[in-house]
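Visitor: Note that the numbering used here gives residue 51 to position 51 of the sequence shown, counting from 1, and the numbers run on in steps of one.
Backbone N, C-alpha and C define an ideal beta-carbon position, used for all residues, glycine too.
Have a look at this one before I ask anything.
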Amino acid sequence: MARPRVAIAELSHETNAFARTRVDLAFAERCGIVRGAEVIVRHRDTATVIAGFIDAAQEAALELVPLLAVWITPAGPVTRTAYETLVGEVVHGLQAAAPIDGVLLSLHGAMVAEHALDADGELLRRVRSAVGPQVPVVAVLDLHANVSPLMVEQADVLIGYHTYPHLDQRARGQQAARLLARLLRREIRPTVSLVKPPMLPTSQCMTTDRPPMRVLLDRAQQLESDPRVLDVTIAGGFPPADVPEAGLSALVTTDDDPVLAQQLAEELAALAWELRYGFLGGVATWEEAAEAIRSIRRGPLVLVDIADNPWSGGPGDSVELLRFLLREGVRPAALALVRDPDVVNYCFAAGTGATVEVLLGGKTDDLHGPPLQVRGIVRLLSDGRYVNAGPMLAGVTVDLGRTVVLRVDGIDVLVTERAESPIDLNVFRAHGIEPTEQRVVALKGKGHFRAAFEPIAERIVLVEGPGITGSDLSRLPFRNIRRPIWPLDPL
Ligand SMILES: [Zn+2]
1 MARPRVAIAE LSHETNAFAR TRVDLAFAER CGIVRGAEVI VRHRDTATVI
51 AGFIDAAQEA ALELVPLLAV WITPAGPVTR TAYETLVGEV VHGLQAAAPI
101 DGVLLSLHGA MVAEHALDAD GELLRRVRSA VGPQVPVVAV LDLHANVSPL
151 MVEQADVLIG YHTYPHLDQR ARGQQAARLL ARLLRREIRP TVSLVKPPML
201 PTSQCMTTDR PPMRVLLDRA QQLESDPRVL DVTIAGGFPP ADVPEAGLSA
251 LVTTDDDPVL AQQLAEELAA LAWELRYGFL GGVATWEEAA EAIRSIRRGP
301 LVLVDIADNP WSGGPGDSVE LLRFLLREGV RPAALALVRD PDVVNYCFAA
351 GTGATVEVLL GGKTDDLHGP PLQVRGIVRL LSDGRYVNAG PMLAGVTVDL
401 GRTVVLRVDG IDVLVTERAE SPIDLNVFRA HGIEPTEQRV VALKGKGHFR
451 AAFEPIAERI VLVEGPGITG SDLSRLPFRN IRRPIWPLDP L
């Protein structure tokens with residue numbers, strides 16, 4: 001028997017509706033779109049969803065037809081042209097490759113386009129209409145997906161990551177491809193139920209190694225041990241997408257048992273609601289952070305500004321962490337990162353060893369604090385490319401664009417052309433900085449940094465400067481979320 005032909009594609013973007021930078025085609029291209037056979041070459045043996053598709057395809061003797069893959073750095077909405085071009089490429093790829101027996105997709109689930117609030121649902125709708133109702137479509141979503149009824153309706157199975165930091169991307173890719181293989185053999189008949197309690201948690205308390213998510217996932221795991229249950233996903237959601245479906249989702253897939261799926265999804269949604277206050281807090285004041293720094297023993301203290309997190313759509317150019325470290329006289333310290341292409345240009349022209357005076361950061365908008373005048377020494381110039389050591393996204397190449405290590409009063413600041421979240425120790429080591437030798441390692445992030453930095457940290461302190469990715473949702477001028485919703489409204 002011929003091997004089933006399974007198309008694979010990744011089009012992943014987490015959209016922050018309040019971010020100024022739009023995702024046009026040039027932005028998407030800069031994030032590294034790969035096509036055809038290159039999709040396999042680039043992802044094989046990495047900690048990614050597509051690597052999981054590849055693993056399970058080998059095991060189940062599926063022939064993969066790779067179409068396109070791009071993980072677009074979180075930013076503002078995707079332009080109409082970029083969306084139509086990229087989604088069009090996937091759809092045309094499916095038509096050109098016909099006949100196709102199945103489709104595997106790696107999506108985020110919180111993508112918004114200028115003309116489609118539920119951009120992932122719309123993508124799935126188009127994929128479905130390209131392949132017809134009989135061809136199984138299985139998609140993997142991020143744990144921060146805002147899962148919608150349209151997504152559920154258009155796909156046969158949706159599986160969300162079960163971990164945050166997202167360490168199980170490859171495992172979820174494998175699971176998705178195995179379920180697709182079972183669908184192709186007609187061994188299962190997935191029935192899916194989605195229940196969304198009226199809650200909009202932010203993600204600084206959403207990491208899955210502690211309550212409330214740990215409690216929810218323990219229960220999910222218990223339920224998954226029932227052979228009638230194919231998958232249980234708790235997606236925490238991504239509030240700044242500002243869409244009606246923003247918020248937490250309980251998504252249960254059973255084998256031909258819609259009543260059980262509904263019952264279990266309702267149970268989990270009720271449990272999430274009961275645990276909702278556990279999603280609040282977790283952020284220190286700047287005074288508390290200063291106190292924590294004064295009591296460091298060996299270091300490093302890992303200090304994280306959650307309000308300018310590039311992987312939640314923050315511009316990455318806030319200098320509030322640097323302002324704070326300079327004021328507190330902390331050294332040695334290292335900071336990743338401040339995106340400022342003008343300063344990068346200037347430092348490249350000045351050369352290694354030069355002393356420069358620059359106005360750093362705070363230039364994208366007026367939501368992330370003002371720039372900071374600094375005098376520093378250009379310690380190192382690089383192309384900003386390094387390979388993650390892991391555990392999260394191990395083996396994946398990161399591209400910060402041209403990067404400068406600027407030393408300002410004993411603080412090594414990574415100044416970059418592009419904004420990515422510093423989640424890997426190699427962000428420093430690739431630039432000649434040893435994170436374990438710092439008193440303070442300052443990062444912009446939310447939860448992913450924990451996978452690599454928690455093991456080296458004496459202590460972790462989250463703070464919040466001005467910005468669009470913080471824990472205080474009342475800062476954001478929402479227009480499209482459903483109301484009333486916790487914690488914004490009395491419920
Ligand atoms: Zn995520």
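Measure the C-alpha to C-alpha separation of T254 and P190 and round it to an integer number of angstroms.
Guide: 6 Å
Visitor: Considering only the beta carbon of each residue, do V103 and V6 sit closer than 8 Å?
Guide: Cβ distance < 8 Å, so V103 and V6 count as in contact.
Visitor: Can you tell me where the beta strand (DSSP E) with T73 in it begins and where it stops?
Guide: E63 to A75
Visitor: Where are the beta strand (DSSP E) runs, 3 residues long or more, that stay fully inside the region 209-288, in chain order?
Guide: The beta strand (DSSP E) runs of length 3 or more contained entirely in the region 209-288 are, from start to end of the chain, 229-235 and 249-255.
Visitor: For E287, does the count of other Cβ atoms within 10 angstroms reach 16, so buried, or fall short, so exposed?
Guide: exposed
Visitor: Bridge partners of T46, per DSSP?
Guide: Paired residues: none, contrary to the question.
Visitor: Rounding to the nearest angstrom, what Cα-Cα distance links G32 and V23 in this structure?
Guide: 13 Å
Visitor: May I ask you to list the residues that DSSP assigns as paired with L476?
Guide: In DSSP, L476 forms no bridge with anything.
Visitor: Just to confirm, does H13 get its C-beta within under 7 Å of one of the non-hydrogen atoms of ligand 1?
Guide: no
Visitor: Taking C-beta to C-beta, are E245 and G465 nearer than 8 Å?
Guide: Between E245 and G465, the C-beta spacing is not below 8 Å.
Visitor: Tell me whether the beta-carbon of W486 lies closer than 8 Å to the beta-carbon of P212.
Guide: no
Visitor: Got a sec? Which residues, its chain only, sit under 8 Å from G390 by beta carbon, not counting five neighbours each side?
Guide: A47, D424, A451 and A452
Visitor: Mind the definition here: the region 339-353 touches the region 404-420 only if three or more C-beta pairs lie below 8 Å; say whether that holds.
Guide: yes
Visitor: If you drop the 5 nearest sequence neighbours on each side, which residues of the same chain put their C-beta closer than 7 Å to that of R178?
Guide: Answer for R178: A56 and A60, listed in chain order.
Visitor: With a Cβ-Cβ cutoff of 8 Å, do P300 and G410 count as a contact?
Guide: no
Visitor: Apply the 10 Å Cβ neighbour rule to P484 and answer buried if 16 or more other Cβ atoms are within range, or exposed otherwise.
Guide: With fewer than 16 other beta carbons inside 10 angstroms of its own, P484 counts as exposed.
Visitor: Following a CB-centred definition, is D142 positioned closer than 7 Å to any heavy atom of ligand 1?
Guide: yes
Visitor: Would you decide whether T355 is buried or exposed? Buried here means 16 or more other CB atoms lie within 10 Å of its CB.
Guide: exposed
Visitor: Examine the Cβ distances between the region 355-374 and the region 394-402 and report whether three or more of them are shorter than 8 Å.
Guide: no
Visitor: Based on the DSSP output, what are the partners of S382 in its beta bridges?
Guide: T403
Visitor: Quick one: what's V39 bridged to in DSSP?
Guide: Its beta-bridge partners do not exist; DSSP assigns none.
Visitor: With G121 and L150 assumed to form a contact (beta carbons below 8 Å), what rounded beta-carbon distance in angstroms separates them?
Guide: Contact holds; Cβ gap of about 3 Å.
Visitor: Closer than 7 Å by C-beta to L180: which residues in its own chain qualify, once you throw out the five before and the five after it? Chain order, please.
Guide: Answer for L180: V6, G102, L104, P136 and V138, listed in chain order.
Visitor: Alpha helix (DSSP H) containing D305: first to last residue?
Guide: Looking at the DSSP string, D305 is not in any alpha helix (DSSP H); the run it does join, the beta strand (DSSP E), is L301 to D305.
Visitor: Which residues share a DSSP beta bridge with K444?
Guide: Bridge partners of K444: D305.
Visitor: How is T207 classed by DSSP in three states: helix, strand or coil?
Guide: coil
Visitor: Spatial neighbours of F238 within its chain, please: CB distance less than 7 Å, with the 5 preceding and 5 following residues excluded, ordered by chain position.
Guide: Excluding its 5 nearest sequence neighbours in each direction, F238 has C-beta neighbours in its own chain below 7 Å: E14, A110, H144, N146 and A246, listed in chain order.
Visitor: Once DSSP output is grouped into helix, strand and coil, what is the label at A374?
Guide: The sequence shown places Val at residue 374, rather than the Ala named in the question. The answer is strand: DSSP assigns V374 an E or B state.
Visitor: Return yes when the C-beta of R162 is under 7 Å from any heavy atom of ligand 1, and no when it is not.
Guide: With the sequence shown as reference, residue 162 is identified as His, and Arg is not the correct amino acid for it. Because no heavy atom of ligand 1 lies under 7 Å away, the Cβ of H162 does not count as near it: no.
Visitor: Which residues in the same chain as R170 place their Cβ atom closer than 8 Å to its Cβ, once the five residues preceding and following it in sequence are excluded?
Guide: T46, A47, T48, V49, A51, G52 and D55
Visitor: Is the number of C-beta pairs between the region 152-168 and the region 442-449 that are closer than 8 Å three or more?
Guide: yes
Visitor: Can H115 be considered in contact with ligand 1, in the sense that its beta carbon sits closer than 7 Å to one or more heavy atoms?
Guide: H115 Cβ: outside cutoff for every heavy atom of ligand 1.
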